[in-house]
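Report on the following structure.
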Amino acid sequence: MTITEKQQELLDELNLFQDWTERYEYVIGLGKKLAPMDESLHTADRLIKGCQSQVWLESTTENGKMHYLADSDSVITKGMIALFVRILDNESPDDVLSADLSFIDKTGLKEHLAPTRANALTLMSAQMKKGALEARP
């Protein structure tokens with residue numbers, strides 16, 4: 000499945016919910032399903048700077064594909080990073096770098112978050128792309 004197809008699938012799932020409370024619950028649920036990140040990876044160099052909550056991201060590559068581990072001390076923020084992990088994990092660094100992550104605007108999520116949390120979405124995306132840039136051969 001391409002990044003564009005993954006984004007559309009996620010949008011379709013979010014559109015099944017009628018109100019934002021249900022959508023938030025879904026996003027929080029995605030965060031709870033993230034692969035566990037060992038506490039030893041909760042280090043300053045993995046912390047995404049500028050987020051209201053603490054968000055840790057580990058970017059690795061294996062067989063030419065990006066892999067992300069993420070965690071947060073906030074359930075909604077953990078759900079937000081889970082959206083990106085779902086879409087960008089197991090993609091090539093070049094595909095991650097060229098990805099138009101328009102799903103964030105299409106979900107309407109930014110409009111329903113405090114400005115500091117909405118800014119976190121941009122920071123998360125940028126950090127994941129930075130990991131992909133560093134992983135390029």
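The sequence shown runs 0 to 136 under numbering that gives the first Met the number 0. All C-beta atoms in this analysis are idealised placements derived from N, C-alpha and C, irrespective of residue type, glycine included.
- Item | Straight-line Cα distance separating Ser-73 from Asp-37 | Numbered from its first residue, the sequence shown carries residue 37 at position 38. Numbered from its first residue, the sequence shown carries residue 73 at position 74. Here the alpha carbons of Ser-73 and Asp-37 stand approximately 16 Å from one another.
- DSSP on Ser-58, reduced to helix/strand/coil? One-based indexing of the sequence shown puts residue 58 at position 59. Ser-58 sits in a strand when the DSSP states are folded into three classes.
- Cα-Cα, which of Glu-61, His-111, Val-95 and Met-0 is closest to Met-79? Translated into positions along the sequence shown, residue 79 becomes position 80. Nearest option by C-alpha distance: His-111.
- Task: Below 8 Å CB to CB, which residues in the same chain sit around His-66 once its five sequence neighbours on both sides are set aside?
- Result: The count along the sequence shown starts at 1 and reaches residue 66 at position 67. Result list for His-66: Ser-58, Thr-59, Thr-60, Asp-88 and Asn-89, in chain order.
- For the segment 9 to 75, list the alpha helix (DSSP H) runs that are entirely contained and at least 4 residues long, ordered along the chain. Taking 4 residues as the shortest admissible run, the segment 9 to 75 contains the following complete alpha helix (DSSP H) segments, listed from N- to C-terminal end: 19 to 31.
- Any non-hydrogen atom of the ligand HEM within 7 Å of Glu-21 CB: This structure simply doesn't include the ligand HEM, nor any ligand for that matter.
- For the candidate residues Gln-7, Ser-52 and Asp-99, whose alpha-carbon lies nearest to that of Arg-116? The count along the sequence shown starts at 1 and reaches residue 116 at position 117. Ranking Gln-7, Ser-52 and Asp-99 by CA distance to the CA of Arg-116 puts Ser-52 first.
- Task: Pick helix, strand or coil for Ser-97, following the three-state DSSP scheme.
- Result: For the purposes of this step, residue 97 is identified with residue 98 of the sequence shown, where counting begins at 1. In the structure shown, Ser-97 sits in a helix (DSSP, three-state: H, G or I).
- So Ile-86 packs on Leu-10, CB below 8 Å; how close in whole Å? As a working note, residue 86 is residue 87 in the sequence shown. As a working note, residue 10 is residue 11 in the sequence shown. With a Cβ gap of about 11 Å, Ile-86 and Leu-10 do not count as contacting.
- Assign Pro-92 to one of two classes, buried (16 or more other C-beta atoms within 10 Å of its C-beta) or exposed (fewer than that). Residue 92 sits at position 93 when you count from the first residue of the sequence shown. When all chains shown are included, Pro-92 counts as buried.
- Query: Among residues of its own chain, excluding the 5 on either side of Lys-64, which ones have a beta-carbon nearer than 7 Å to its beta-carbon?
  - Reply: Taking the sequence shown and counting its residues from 1, the one referred to as residue 64 is at position 65. The answer, listed in chain order, is Asn-89, Glu-90 and Ser-91.
- Query: From what residue to what residue does the alpha helix (DSSP H) around Thr-117 run?
  - Reply: Stepping through the sequence shown from its first residue, residue 117 is reached at position 118. According to the sequence displayed, residue 117 carries Ala and not Thr. Counting along the chain, Ala-117 sits inside the alpha helix (DSSP H) bounded by residues 114 to 134.
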